[in-house]
Amino acid sequence: NRAAHETKTVLITGASSGIGEATARELASLGHQVMLGARRTERLKMIVEDIRAAGGVADSRELDVTNLESVHAFAQAAQHAYGRIDVLVNNAGVMPLSPMHELHIAEWNQMIDVNLRGTLHGIAAVLPTMLAQGAGHVVNVASTSAHRVDPTAAVYCATKFAVRALSEGLRQESREIRVTVVSPGFTSTELTHRGGSTEAQAAARAASEVLAIPASSIAQAIGYAISQPADVDVNELVVRPTVQG
Ligand code: NDP
3 NRAAHETKTV
13 LITGASSGIG
23 EATARELASL
33 GHQVMLGARR
43 TERLKMIVED
53 IRAAGGVADS
63 RELDVTNLES
73 VHAFAQAAQH
83 AYGRIDVLVN
93 NAGVMPLSPM
103 HELHIAEWNQ
113 MIDVNLRGTL
123 HGIAAVLPTM
133 LAQGAGHVVN
143 VASTSAHRVD
153 PTAAVYCATK
163 FAVRALSEGL
173 RQESREIRVT
183 VVSPGFTSTE
193 LTHRGGSTEA
203 QAAARAASEV
213 LAIPASSIAQ
223 AIGYAISQPA
233 DVDVNELVVR
243 PTVQG
């Protein structure tokens with residue numbers, strides 16, 4: 003068994019709910035030290051308390067991934083608390099679905115800012131540290147929407163296709179940095195709770211209620227990817243409900 007069991011320091015963006023929260027809980031239970039970031043700090047604090055009560059090592063900090071300074075401060079807080087940055091999980095994301103002709107332009111921009119620019123900000127904030135360490139691991143949460151396009155999801159898919167593209171570029175350029183794309187299918191979270199057109203969001207919620215798998219299934223995939231030996235880079239994991247077409 004060559005699996006690497008050492009403790010890692012892991013930064014998780016969008017850790018206040020859904021896949022990010024489940025990932026923080028899962029990785030802490032595996033013995034990793036986690037730093038949780040998101041805008042809803044009260045929720046982060048409750049999750050950190052839970053993790054600590056279960057014997058894990060966790061801390062949190064307010065984070066807005068659309069703001070490069072905020073992302074830098076988040077990375078610095080983790081570096082300060084734990085002394086190094088082994089893994090960044092770029093998980094924060096939004097999905098306000100709508101047909102293009104409705105011109106929800108502010109929400110298009112929000113998806114670009116959070117899903118795409120936010121991921122790049124995360125990479126920018128940790129890459130110098132990881133290169134100086136001679137090792138690091140970037141896990142980008144994309145989607146099955148990074149592989150196929152559906153009506154009302156054009157811009158969301160565009161951001162997720164872009165996340166896969168930049169992940170592959172980063173992988174090719176760096177010999178020291180491992181890069182993993184985790185592409186979930188329908189997962190039970192708060193993703194469809196905000197924004198978008200009423201009809202498109204209701205359709206997504208209805209599909210999710212029938213199909214979705216728990217966020218812990220995605221967290222376990224991330225746990226698998228970061229537990230591999232140093233010479234093994236799991237490049238992409240697509241994890242979807244068995245019943246999803
Ligand atoms: P949730 O809505 O439950 O979680 C999204 C997280 O992103 C929240 O913690 C939210 O925290 C955070 N977030 C949003 N905007 C920002 C911001 N500007 N700065 C920092 N954090 C932010 O949904 P999921 O858990 O489903 O989403 C996680 C990822 O999984 C996303 O990238 C999503 O696209 C992807 N995904 C989800 C699927 C699903 O079916 N659920 C399927 C495929 C991919 P806060 O609001 O507190 O800032």
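For any residue, its number in full-length UniProt numbering is found by taking its place in the sequence shown, counting from 1, and adding 2. Ideal placement from N, C-alpha and C gives every residue a C-beta, glycine not left out. Just so we're clear, the structure is a prediction, and the values are computed from it rather than from any experiment.
Check	Outcome
Tell me which same chain residues have a C-beta within less than 6 angstroms of the C-beta of V59, skipping the five on either side of it?	Q35
Helix, strand or coil for A77? Go by DSSP, reduced to three states.	helix
From the DSSP output, read off the bridge partner residues of H139.	V89 and R180
Would you decide whether N111 is buried or exposed? Buried here means 16 or more other CB atoms lie within 10 Å of its CB.	exposed
On a Cα-Cα basis, can you pick out the residue from V240, S176, V165 and V236 that is closest to A137?	S176
How long is the line joining the alpha carbons of V50 and A17, rounded to whole angstroms?	10 angstroms
Verify whether the separation of the beta carbon atoms of S185 and A148 is less than 8 angstroms.	yes
Mind checking if G58 is an interface residue toward chain C, Cβ cutoff 8 angstroms exclusive?	Note that chain C does not occur in the displayed structure, where there is just one protein chain.
Express the C-alpha separation of D152 and A79 in angstroms, rounding to a whole number.	39 angstroms
Is it buried or exposed, A108, if we count other Cβ atoms within 10 angstroms and call 16 or more buried?	exposed
Where does the unbroken beta strand (DSSP E) through G198 begin, and where does it stop?	G198 -> no beta strand (DSSP E), and no H or E assigned at all.
Have a look at the DSSP bridge pairing and note the partners of Q35.	T11 and V59
Does DSSP classify H186 as helix, strand or coil?	The question names His, yet the displayed sequence has Pro at residue 186. In the structure shown, P186 sits in a strand (DSSP, three-state: E or B).
To which residues does DSSP link A40 through a beta bridge?	E64
Since I believe L38 is in contact with L46 (beta carbons under 8 angstroms), could you give me their beta-carbon distance rounded to a whole number of angstroms?	5 angstroms
Between the beta-carbon of A206 and the beta-carbon of L105, is there less than 8 angstroms?	no
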